[in-house]
Amino acid sequence: MAGLELRGIRKDYGATAVLKGIDLSIADGEFVVFVGPSGCGKSTLLRVIAGLETVTAGDIHIDGTEVTRLAASDRGLAMVFQSYALYPHMTVHQNMSFALENMGIAKAEISARVDRAARMLRLTDYLQRKPAALSGGQRQRVAIGRAIVRDPKIFLFDEPLSNLDAELRVATRKELAALHAEIGGTMIYVTHDQVEAMTLADRIVVLNGGRIEQIGTPLDLYNRPANLFVAGFIGSPRMNLLPTELVKGEAAGTAATLGIRPEHVEPCQEAEADLTVRIELVEQLGGETFLYTTGPNDVPLTIRCDGQSRLARGDVLPVRFSRDHLHRFDAAGLACRPEPLLARSPS
Amino acid sequence: MTGKLRTGKLSRLLLARRGGASWHWTDVASYAYLALGVLLMFGPVAWLALSSFKTPAALLEFPPSLLPMAQSEVSVQGYPQPLPLFRVTMEDGSVRELAQVRRVGIVAQMVDPKEPGQTIRVPADRRTPVRHMALAVENYTDPLTQFDFLRFLRNSLVVTVVATIITLVINSMAAYALSIYEFRGKSLAMLGVIGTLMIPITIILAPVYLVVTKLGFVDSLWAVILPGAATPTGVFLLRQYMLTIPRDLIEAARMDKASEWRIYARIVMPLSMPALAVLAIFSVMWRWNEFLWPLAVLTKTEVHTLPIALNAFQGELQTQWHYLLAMTVVTLLPVALVFAFLQRFITSGIANTGMK
Chain P
349 MAGLELRGIR
359 KDYGATAVLK
369 GIDLSIADGE
379 FVVFVGPSGC
389 GKSTLLRVIA
399 GLETVTAGDI
409 HIDGTEVTRL
419 AASDRGLAMV
429 FQSYALYPHM
439 TVHQNMSFAL
449 ENMGIAKAEI
459 SARVDRAARM
469 LRLTDYLQRK
479 PAALSGGQRQ
489 RVAIGRAIVR
499 DPKIFLFDEP
509 LSNLDAELRV
519 ATRKELAALH
529 AEIGGTMIYV
539 THDQVEAMTL
549 ADRIVVLNGG
559 RIEQIGTPLD
569 LYNRPANLFV
579 AGFIGSPRMN
589 LLPTELVKGE
599 AAGTAATLGI
609 RPEHVEPCQE
619 AEADLTVRIE
629 LVEQLGGETF
639 LYTTGPNDVP
649 LTIRCDGQSR
659 LARGDVLPVR
669 FSRDHLHRFD
679 AAGLACRPEP
689 LLARSPS
Chain S
15 MTGKLRTGKL
25 SRLLLARRGG
35 ASWHWTDVAS
45 YAYLALGVLL
55 MFGPVAWLAL
65 SSFKTPAALL
75 EFPPSLLPMA
85 QSEVSVQGYP
95 QPLPLFRVTM
105 EDGSVRELAQ
115 VRRVGIVAQM
125 VDPKEPGQTI
135 RVPADRRTPV
145 RHMALAVENY
155 TDPLTQFDFL
165 RFLRNSLVVT
175 VVATIITLVI
185 NSMAAYALSI
195 YEFRGKSLAM
205 LGVIGTLMIP
215 ITIILAPVYL
225 VVTKLGFVDS
235 LWAVILPGAA
245 TPTGVFLLRQ
255 YMLTIPRDLI
265 EAARMDKASE
275 WRIYARIVMP
285 LSMPALAVLA
295 IFSVMWRWNE
305 FLWPLAVLTK
315 TEVHTLPIAL
325 NAFQGELQTQ
335 WHYLLAMTVV
345 TLLPVALVFA
355 FLQRFITSGI
365 ANTGMK
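First to last, the sequence lines map onto chains P and S.
In this text, residue positions in the first sequence follow the numbering used here: the first is 349, and each later residue adds one.
In this text, residue positions in the second sequence follow the numbering used here: the first is 15, and each later residue adds one.
What follows is the structure, encoded as structure tokens:
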């Protein structure tokens, strides 16, 4: 177990810059999730940390020791691949013990560690099977087991749940959270799924276009997005973003864009309405209802209501924004607040 | 139970149709085409095997017979040599089996083995020889005893086995480097390897001979084993296969602290089994049948390999076809056995079954 420090990491492929200067420090035992749209560089960043990619500039420190030039095999990290990458010709037991054999650990110790990990992951009955004879969820657990037995300094997960079906993904997500609570290792987890990010992370790192947009706890990011990108990326359905001049009494000040989450928009009397919208689509989920509407100038606005709704397509609805939950962004897309969480140079 | 199962599988294999219960014309066409293929490919081999049991006389017979046949002979009282037996159609239309004493022009003097005293004159075109199947096993036994077959077999085995092992090791290492690593000049190296495919052995025969002589390998089996150990075909074949092994597996092994040698031996080699099996079969066939190069460098009889030794049956003036055919059959057997053993590895690879 160890902390990690990245300083000014840049990675270019020829003329294409994939990582444009990443500074990040991760504490020992922390569960950090890298999240961002595809192509944002999150997987590359993970591979750079793993040592599978070299850096163009910058340096990497694990536990205070510089490892920038060390080969992947010498960094003492374990990685769970998106494809699982189980060795197809080896049994589950051999898959899990391969790394330990490479480390020169005694046979008895290897067996003990594999058995312990297998019990933890409910794989004891499958130790003699080959990967082809396992289900997707079991393969996933073997891949995690292969990392656990190593007792690595840092666990790296590259979108480990993306190949599972929805139900299994939720179950495995819970298991991962339980696992982190149990073994307490430093974990870095890459995903494009914000639900995984929100539920698993101690801290989330939002990446976009090779840069860090914001770092913070899940609720920090949700409640205080530093810029328009984070505001739009975190939360589902997305935060509503409106031009300031559409909302009465908000035109003054520096804010160019207003953000309001769907649950903070509520139907009201005509007199106290901030906006009048027309309903385009109603999604009834039973416990909650999503109203997809358009306001003046065809600005889209999503509303989340508790419970069920009798509204229908075509209805006209006056709505009010909860003033405490209004996010204000300036013309450069940065949040307007006295103390910006993360200064981003306008590009 | 298993026997029943096996017959079931076999009949399913032989009676498979394109679907539905009835025979479609395409089924018939497919089977006809397959039968033609079997005849074209297996026919010469069957012809060789059957002919290897024929006596020299039967080999030269015209029209040739498919099965090894010999004329029946019978000993008749009063004649020192056994006489050939014929079936004769008599003038009254009856058919008798008679032994031939001699033939003068178009008339044959025959004798009935049951009445040795009386000779019968028969027109030569009224008789047909009585034949039975006879296996000329001496085609096999003579060379095995007179000709030092076992020594040549041993030489061939040593060359084939050692050369195949060296070929597999060297070629797979080259293929590993050319498929797993990224380095400057990689494609150039690959082009160079493939380029050597265009150089026929006849062109490099003399220079390689000089090198082998300088190394003092002439008349030792190493002279045959070493020069052909690194084959461009093998490197190319293995490299193309190794390119299909998912990169994630190699990277997973690196994360698992495996050294490059461990990755090569424990991950890449087992997953390349199908390609290695193909190359092993090729290598065995090349080495087992190699003729020109061993002929050039192996001058002493005791180091001859089988193909060179078989050449001894083929003289300038006459060829001992019966021995040549029999020994060719013996030579074919090991390759057939190797193929039967290795072909089970040439199934589809498993490299992708640990993914997703």
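For each residue, glycine too, the CB sits at the ideal point set by N, CA and C.
Everything numeric in this text was worked out from a predicted model, so none of it was measured.
Any beta-carbon of chain P closer than 8 Å to the one on Lys23/S? One-based indexing of the second sequence puts residue 23/S at position 9. No, because no Cβ of chain P sits closer than 8 Å to the Cβ of Lys23/S.
Can you tell which of Pro644/P, Asp672/P, Gly412/P and Glu636/P has the C-alpha that lies nearest to the C-alpha of Cys653/P? If you number the first sequence from 1, residue 653/P lands on position 305. The residue with the shortest Cα to Cα distance from Cys653/P is Glu636/P.
Span separating the alpha-carbon of Leu352/P from that of Leu394/P: Residue mapping note: residue 352/P aligns to position 4 of the first sequence, counting from 1. Residue mapping note: residue 394/P aligns to position 46 of the first sequence, counting from 1. Cα to Cα, the separation comes out at about 12 Å.
Can you find at least 3 beta carbon pairs, one from the region 233–246 of chain S and one from the region 379–392 of chain P, that sit closer than 8 Å? no
Burial state of Gln488/P (16 or more Cβ within 10 Å): Along the first sequence, read from residue 1 onward, the residue named residue 488/P stands at position 140. Classification of Gln488/P: buried, given that the 10 Å Cβ count is 16 or more.
Would you list, in sequence order, the uninterrupted beta strand (DSSP E) runs of no fewer than 3 residues that lie entirely inside the region 460–513 of chain P? 502–506
Where Arg206/S falls, given that 16 or more other Cβ within 10 Å makes a residue buried: Numbered from its first residue, the second sequence carries residue 206/S at position 192. Per the sequence presented here, residue 206/S reads as Gly, with Arg not at that position. Exposed, since its Cβ has fewer than 16 Cβ neighbours within 10 Å.
Distance between Val175/S and Ala456/P (C-alpha atoms, nearest Å): Counting from 1 along the first sequence, the entry for residue 456/P is found at position 108. Counting from 1 along the second sequence, the entry for residue 175/S is found at position 161. Taking the straight line joining both Cα atoms gives about 38 Å.
So what does DSSP say about Met269/S, is it helix, strand or coil? Residue numbering aside, residue 269/S sits at position 255 when the second sequence is read from its first letter. If DSSP states are grouped into helix, strand and coil, Met269/S belongs with the helices.
Is any beta-carbon of chain P found at less than 8 Å from that of Leu263/S? Working through the second sequence from its first residue, we reach residue 263/S at position 249. It does; some Cβ of chain P falls within 8 Å.
Is there a Cβ from chain P that is less than 8 Å from the Cβ of Ala266/S? Here residue 266/S refers to the residue found at position 252 when the second sequence is read from its first residue. Yes - at least one Cβ of chain P is within 8 Å of the one on Ala266/S.
Under the three-state DSSP convention, the category Gly248/S falls into: Within the second sequence, numbered from 1, the residue matching residue 248/S stands at position 234. Three-state result, Gly248/S: helix.
Indicate the three-state DSSP secondary structure (helix, strand or coil) for Glu105/S in the structure shown. Stepping through the second sequence from its first residue, residue 105/S is reached at position 91. Reduced to three states, the DSSP call for Glu105/S is coil.
Run through DSSP, which three-state label would Ser373/P get? Position 25 of the first sequence, counting from 1, holds the residue named residue 373/P. Ser373/P falls in the strand class under three-state DSSP.
If you run the structure through DSSP and keep just helix, strand and coil, what is Leu548/P? For the purposes of this step, residue 548/P is taken as the residue at position 200 of the first sequence. Three-state DSSP puts Leu548/P in a helix.
Closest to Pro137/S by CA distance: which of Gly119/S, Leu73/S and Gly92/S is it? Here residue 137/S refers to the residue found at position 123 when the second sequence is read from its first residue. Minimum Cα distance to Pro137/S is reached at Gly119/S.
Indicate whether Val144/S and Gln85/S have their beta-carbon atoms separated by less than 8 Å. For the purposes of this step, residue 144/S is taken as residue 130 along the second sequence, with counting starting at 1. For the purposes of this step, residue 85/S is taken as residue 71 along the second sequence, with counting starting at 1. Yes, the pair counts as a contact, with Cβ atoms nearer than the cut-off.
Would you give the residue range spanned by the alpha helix (DSSP H) that Gly206/S belongs to? Residue 206/S sits at position 192 when you count from the first residue of the second sequence. Residues Lys200 to Gly209.
With a CB to CB cut of under 7 Å and the five nearest residues on each side skipped, what residues in its chain are close to Val625/P? Working through the first sequence from its first residue, we reach residue 625/P at position 277. Excluding sequence neighbours, Val625/P sits near Thr641, Thr642, Gly643, Leu649, Leu665 and Val667.
Taking just the CA atoms, how far does Gly51/S sit from Ala30/S? For this step, residue 30/S is matched to residue 16 along the second sequence. For this step, residue 51/S is matched to residue 37 along the second sequence. Between Ala30/S and Gly51/S, the C-alpha separation is close to 17 Å.
As assigned by DSSP and simplified to three states, the class of Arg676/P: Locating residue 676/P in the first sequence gives position 328, counting from the first residue. Strand at Arg676/P.
With 8 Å set as the bound, which would you pick, yes or no: does the beta-carbon of Leu13/S sit closer than that to a beta-carbon of chain P? Summary: the structure shown does not reach residue 13/S, with chain S confined to residues 15 through 370, and so no result is reported for it.
Which listed residue (Pro130/S, Arg276/S, Ala220/S and Met55/S) has its alpha carbon closest to that of Tyr190/S: Counting from one through the second sequence, the residue named residue 190/S turns up at place 176. The residue with the shortest Cα to Cα distance from Tyr190/S is Arg276/S.
Partners in chain S for Pro573/P, counting only beta-carbon separations shorter than 8 Å: Position 225 of the first sequence, counting from 1, holds the residue named residue 573/P. Within 8 Å Cβ-Cβ: nothing; Pro573/P doesn't reach chain S, min ~34 Å.
Same chain only: Cβ atoms within 7 Å of Tyr223/S, ignoring 5 sequence neighbours per side: The count along the second sequence starts at 1 and reaches residue 223/S at position 209. Cβ within range, chain order: Ala310 and Val311.
If I measure Cβ to Cβ from His673/P and keep anything under 6 Å in the same chain, skipping five residues before and after, which residues do I get? As a position in the first sequence, residue 673/P is number 325, starting the count at 1. Excluding sequence neighbours, His673/P sits near His612.
Can you tell me the Cβ-Cβ gap for Arg521/P and Ala447/P, rounded? I've got them flagged as a contact below 8 Å. As a working note, residue 521/P is residue 173 in the first sequence. As a working note, residue 447/P is residue 99 in the first sequence. Contact flag wrong, Cβ pair sits at about 25 Å.
Looking at the C-beta of Leu276/S, does it have a partner C-beta in chain P at a distance below 8 Å? Looking up residue 276/S in the second sequence gives position 262. Going by the sequence as given, residue 276/S is Arg instead of Leu. At least one chain P Cβ lies under 8 Å of Arg276/S.
Is it buried or exposed, Arg658/P, if we count other Cβ atoms within 10 angstroms and call 16 or more buried? Mapped onto the first sequence, residue 658/P falls at position 310. Exposed: under 16 other Cβ atoms inside 10 Å.
Sequence-distant residues of the same chain with beta carbon closer than 7 Å to Lys200/S, five excluded per side: Along the second sequence, read from residue 1 onward, the residue named residue 200/S stands at position 186. So the qualifying residues of the chain are Leu192.
Closer than 7 Å, Cβ to Cβ, to anything on chain S: give me those residues from the region 439–455 of chain P, in chain order. Phe446, Ala447, Asn450 and Met451
At a CB-CB cut-off below 8 Å, which residues of chain S make contact with Ala420/P? Residue numbering aside, residue 420/P sits at position 72 when the first sequence is read from its first letter. Residues of chain S passing the Cβ test: Glu265, Arg268 and Met269.
Just how far apart, CA to CA, sit Glu523/P and Val396/P? Sequence index remark: in the first sequence, residue 523/P carries index 175 (1-based). Sequence index remark: in the first sequence, residue 396/P carries index 48 (1-based). Going by the C-alpha atoms only, they are around 27 Å apart.
If you reduce the DSSP assignment to three classes, tell me which class Lys368/P lands in. What you label residue 368/P is simply residue 20 of the first sequence in a count that begins at 1. Reduced to three states, the DSSP call for Lys368/P is strand.
DSSP three-state assignment for Ser693/P, whether helix, strand or coil: Along the first sequence, read from residue 1 onward, the residue named residue 693/P stands at position 345. For Ser693/P, the predicted model reports a pLDDT of 44, less than 50, meaning its position is unreliable; a value from the coordinates is still stated below. It is coil, neither helix nor strand.
Hey, does Pro13/S have any beta-carbon neighbour from chain P nearer than 8 Å? With chain S covering only 15 through 370, there is no way to say anything about residue 13/S.
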